[in-house]
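Chains as they are written, first to last, in our numbering: chain Z, 3 to 137; chain X, 3 to 137.
Printed below as a string of structure tokens:
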């Protein structure tokens, strides 16, 4: 696993919507915008709330890994993170996420918690260095 | 193949940056922001310029399909499109893309043209209908 540096953490904290990519077992990519995506205090774990995942959840069950990028009007630079995930539908972490999501709006079902471990970080700024491994 | 409807076309035309997802043959997802992504006049073909693709190009060569979504501050609603692609590095279409990209900035190498055929469109607005097939 790798820890985001302070610049990356800062950019992460400013993001409101993240593009979350998954793939089916046989490699069909899928990408959706997600709103609840929180870097944890260890700087290498990301919590993602599943409120209305359909294909994303199917993909995660058969191929438990994700990619997402951090970039937007709020941030400087752009980087992509990748890593494996685990799905929780009960337990302390799930309950904590459930409360956080419910405090944001009762309309969100907070069905499951997707816990991502960051294992790779890539440069994503357009230019000759795009795609280079940063961490 | 499927044609985008007029509402979708309108949203597409307003987008400046698209999240483009691919996957390796063995299903590792990848997602990057892209700037040159143009719906063609047939409403079912998308041209994507490869300027600095690295992993994306590797993925497309071994697993020629993409997913992207149309959503942003500029648009209403949100939808995801999926489909197979072809890569062109010569010919009339490639030359046309090359000129368009170069007119946007000489720093862009316009290395290849990725031609996507839209085969599926999915609802991507957060809510109980998220993930539903629209077209």
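We put the beta carbon where it would ideally sit given N, CA and C, even for glycine.
Drop a sphere of 10 angstroms on the beta-carbon of residue i, count the other beta-carbons inside from all chains shown, and report buried for 16 or more, exposed for fewer.
| i | result |
| --- | --- |
| residue 84 of chain Z | buried |
| residue 78 of chain X | exposed |
| residue 7 of chain X | exposed |
| residue 131 of chain X | exposed |
| residue 114 of chain Z | buried |
| residue 75 of chain Z | exposed |
Contact defined as beta carbons within less than 8 Å: I believe residue i pairs with residue j. What is the distance between those atoms, to the nearest angstrom?
| i | j | result |
| --- | --- | --- |
| residue 13 of chain Z | residue 69 of chain Z | About 16 Å; that fails the 8 Å criterion. |
| residue 3 of chain Z | residue 46 of chain Z | 5 Å |
| residue 72 of chain Z | residue 17 of chain Z | 6 Å |
| residue 35 of chain Z | residue 126 of chain X | 7 Å |
| residue 41 of chain X | residue 11 of chain X | 6 Å |
| residue 54 of chain X | residue 15 of chain Z | So it is not a contact: roughly 27 Å between Cβ atoms. |
Alpha carbons only, please: which of the options is nearest the one belonging to residue i?
| i | options | result |
| --- | --- | --- |
| residue 31 of chain X | Z:67, Z:35, Z:11, Z:55 | Z:67 |
| residue 29 of chain X | Z:122, Z:77, Z:64 | Z:64 |
| residue 123 of chain Z | X:103, X:6, X:33, X:74 | X:33 |
| residue 119 of chain X | X:87, X:101, X:17 | X:87 |
| residue 82 of chain Z | Z:25, Z:18, Z:134, Z:26 | Z:134 |
| residue 52 of chain Z | Z:89, Z:121, Z:98, Z:129 | Z:89 |
| residue 91 of chain Z | Z:116, Z:80, Z:101 | Z:116 |
| residue 49 of chain Z | Z:136, Z:97, Z:137 | Z:97 |
| residue 20 of chain Z | Z:136, Z:101, Z:37, Z:95 | Z:37 |
Please confirm whether any heavy atom of the ligand COA lies closer than 7 Å to the CB of residue i.
| i | result |
| --- | --- |
| residue 126 of chain X | Questions concerning the ligand COA fall outside what the structure shown contains, since it holds no ligand whatsoever. |
Does the structure place the stretch 60 to 78 of chain X close enough to the stretch 97 to 110 of chain Z that three or more beta carbon pairs sit under 8 Å? Verdict: no, contact absent.
Any C-beta of chain Z within less than 7 Å: which residues of the stretch 60 to 76 of chain X qualify? For the stretch 60 to 76 of chain X, the residues whose beta carbon sits under 7 Å from a beta carbon of chain Z are, in order, 65, 67, 68, 69, 70, 71, 73.
Output, in sequence order along the chain, the residues in the stretch 120 to 133 of chain X whose CB is closer than 7 Å to any CB in chain Z. Those residues of the stretch 120 to 133 of chain X that come within reach of chain Z (Cβ to Cβ, closer than 7 Å) are 126, 128, 129, 130, 132, 133.
Taking any Cβ of chain Z, which residues in the stretch 82 to 97 of chain X have a Cβ under 9 Å from it, in chain order? Residues 82, 84.
Determine which residues of the stretch 33 to 45 of chain X have a Cβ less than 9 Å from any Cβ of chain Z, and write them out in chain order. So the close ones are 33, 34, 35, 36, 37.
Residues within the stretch 9 to 22 of chain Z neighbouring chain X, beta-carbon criterion of under 7 Å: Listed in sequence order: 21.
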